[in-house]
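J.: I'd like to ask you about the structure that follows.
Protein chains: 2
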Amino acid sequence: MSSPSSALALQRVALEQFSLVGFGGASLGSIAQAAGLSKSSVLYHYASKEALLAAAIEPAIDALAQVVESYPYGGDRAEHDRFVERFIDFLLEHRLAVHLFVNQGQVLGTIPAVQRANDLMHRFSETVAERMPSIEDRIRFGVAIGGAAYILVAAANWSDEGEPTPAEAADARAALIDTVASLLRHPEPAH
Amino acid sequence: MSSPSSALALQRVALEQFSLVGFGGASLGSIAQAAGLSKSSVLYHYASKEALLAAAIEPAIDALAQVVESYPYGGDRAEHDRFVERFIDFLLEHRLAVHLFVNQGQVLGTIPAVQRANDLMHRFSETVAERMPSIEDRIRFGVAIGGAAYILVAAANWSDEGEPTPAEAADARAALIDTVASLLRHPEPAH
DNA sequence: AGTCTAACTGTCCGATCGGTCAGGACAACA
DNA sequence: TGTTGTCCTGACCGATCGGACAGTTAGACT
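Keeping their order, the protein sequence lines are chains Y and L. Sequential numbering of the first sequence, starting at 4, is according to the numbering used here. Sequential numbering of the second sequence, starting at 4, is according to the numbering used here.
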């Protein structure tokens, strides 16, 4: 706690590496090098590789818990849309962590922090599924979650432009909110 | 080529491991063990770990090239919907490979086969973007691709039921086609 | 019988892995 | 001037990594 800046920078670097090449693919050496430290120094701050992962994703898990808790069970559509907005902002702020436990959640299930994230997503899915129990709506839910999580980290891959102008970022946020909201919205009873 | 069954089984096992724990996280030893072979035997069939990866995803890349090629540039909506159907079937058949080069495409860009997959996705994005150049529609495109690729491999994580009944699978396919089609459909000019 | 080849394996190698440990640098406090 | 505690490091450990290589088995062909 005494020099939080270096510790936070280390968590950020570790998160980037873990989400980029996977937990097993990222080495403590490469993380340390990217952070400008020695491997020993990393292990001084965090007892193990798993502890580093847990510390790196913990803020995101706390935020996720808060978002899931705020689901408007009996709310109207405006309230539901506000919930989606909170959810998207959570995704935007914790892109890397979300990408990590979305894509490696099952294989890292032994790590308590990841397990907690899995439980949260499970509960989230169940909560939403209570309102939309059909396969179609489960698909829409999954596409919304996975698609949003994906586009925030990997989309830059095969798009032309490099930098995301602040104005463009705002547009992207609005578009993402719109898209996810339409996916999570209760569809008309049937056609 | 003389005993294709074992070679194909090896590719399938390798693909599962690569998409599950990442290319760097999967070891030749674990792949060999899962396939019931020795590590040496794996390296007899494929010159290197990268060669194994390339061979494992090559069929998926070929199929992707075919799908991208079949994009209906001047087609009507029915033709466009048929294209989406082909695309979803491609995703369903090559789930693991898609998940692999969607989530690890950038970091594995040095491998020629992955590079080809990246180029194809890039061209795919450009092709679709020609019709839908706005940020909103790019987002919708990304959510559709990423969401579909995601739900096919990771959704089982936080859903209750275990097995996907054949009838449920058909329903899921239909729902996925419907969802992606609506995302990729040209939206009304503006509201 | 001998020959050839495909499929497979165990052994070995250098490099790298996660992790331990003893100690150095340095500011704060006595 | 010690002394203490934080931050950081290089050296080292056993295990595992990707890969090279020599050799074995078994079936097909002559």
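Using N, Cα and C, we set each Cβ at its ideal position, and we do this for glycine too. Because the structure is a prediction, the values reported are computed rather than measured.
Any chance the stretch 135-153 of chain Y sits against the stretch 172-191 of chain L, with 3 or more Cβ pairs inside 8 Å?
T.: They touch, by the three-pair rule.
J.: Compute the Euclidean distance between the alpha carbons of G28 (chain L) and S22 (chain L), then round it to the nearest angstrom.
T.: Taking the straight line from one Cα to the other gives about 10 Å.
J.: Using a cut-off of 7 Å between C-beta atoms, extract the partners of V110 (chain Y) located in chain L.
T.: Here the neighbours are L23 and V24.
J.: I'd like to know if L99 (chain Y) contacts chain L, where contact means its C-beta is closer than 8 Å to some C-beta of that chain.
T.: Judged by the 8 Å Cβ criterion, L99 (chain Y) is not in contact with chain L.
J.: Taking L103 (chain L) as the reference, give the member of L:A57, L:T182, L:S30 and L:H48 with the closest Cα.
T.: Measuring from the Cα of L103 (chain L), the nearest candidate turns out to be L:A57.
J.: Have a look at A63 (chain L) and S73 (chain Y) and give me their C-alpha separation to the nearest angstrom.
T.: Cα to Cα, the separation comes out at about 41 Å.
J.: Could you check if T182 (chain Y) is buried or exposed, using at least 16 other CB atoms within 10 Å of its CB as the buried criterion?
T.: It counts as buried.
J.: Using a Cβ-Cβ cut-off of 7 Å (strictly less than) and excluding sequence neighbours within five positions of L99 (chain L), which residues of its own chain qualify?
T.: Here the set comprises L18, E19, S22 and V156.
J.: Looking only at C-alpha atoms, which of L:A12, L:V24 and L:S9 sits nearest to Q107 (chain Y)?
T.: Minimum Cα distance to Q107 (chain Y) is reached at L:V24.
J.: Are there 16 or more other CB atoms within 10 angstroms of the CB of G145 (chain L), so buried, or fewer, so exposed?
T.: G145 (chain L) is buried by the Cβ-count criterion.
J.: Does the pairing of the stretch 79-90 of chain L with the stretch 110-126 of chain L give three or more beta-carbon distances under 8 Å?
T.: No, they do not touch.
J.: Under 9 Å Cβ-Cβ, which residues of chain L neighbour I60 (chain Y)?
T.: Those within 9 Å of I60 (chain Y) in chain L number zero; the least Cβ separation is about 16 Å.
J.: Against chain Y, which members of the stretch 165-181 of chain L pass a CB distance test of less than 9 Å?
T.: Going along the stretch 165-181 of chain L in chain order, one finds E171, D174, A175, A177, A178, L179 and D181 with a Cβ nearer than 9 Å to chain Y.
J.: To the nearest angstrom, how far is it from the Cα of H97 (chain Y) to the Cα of F90 (chain L)?
T.: Looking at the two C-alpha atoms, the distance is approximately 30 Å.
J.: Residues of chain Y with CB closer than 7 Å to the CB of S151 (chain L), please, in chain order.
T.: Per the sequence shown, residue 151 (chain L) should be read as Ala rather than Ser. Within chain Y, the residues near A151 (chain L) are V146.
J.: Do L186 (chain L) and A147 (chain L) have their CB atoms nearer than 8 Å?
T.: Result yes, Cβ atoms of L186 (chain L) and A147 (chain L) sit closer than 8 Å.
J.: Check the Cβ-Cβ distances between R143 (chain Y) and every residue of chain L, and say whether any is below 8 Å.
T.: Yes, because at least one Cβ of chain L sits closer than 8 Å to the Cβ of R143 (chain Y).
J.: If we define contact as Cβ-Cβ less than 8 Å, is E82 (chain L) a contact residue for chain Y?
T.: No, because no Cβ of chain Y sits closer than 8 Å to the Cβ of E82 (chain L).
J.: Starting from the beta carbon of G27 (chain Y), find every residue of chain L whose beta carbon is closer than 7 Å, and list them in chain order.
T.: Those are V24, G25, G27 and G28, listed as they occur along chain L.
J.: Going by other Cβ atoms of all chains shown within 10 Å of its Cβ, with 16 needed for buried, is R67 (chain L) buried or exposed?
T.: First, the residue type needs correcting, since residue 67 (chain L) is Leu and not Arg in the sequence shown. With 16 or more other Cβ atoms within 10 Å, it is buried.
J.: Is it true that the CB of V16 (chain L) sits closer than 8 Å to the CB of A38 (chain L)?
T.: Cβ atoms of A38 (chain L) and V16 (chain L): closer than 8 Å.
J.: Is it true that the CB of L13 (chain Y) sits closer than 8 Å to the CB of L31 (chain Y)?
T.: Cβ distance not < 8 Å, so L31 (chain Y) and L13 (chain Y) don't count as in contact.
J.: Would you say E139 (chain Y) reaches chain L, if we count a Cβ-Cβ gap shorter than 8 Å as a contact?
T.: Closer than 8 Å: yes.
J.: What's the C-alpha gap between D65 (chain L) and E53 (chain L)?
T.: Roughly 18 Å separates the two Cα atoms.
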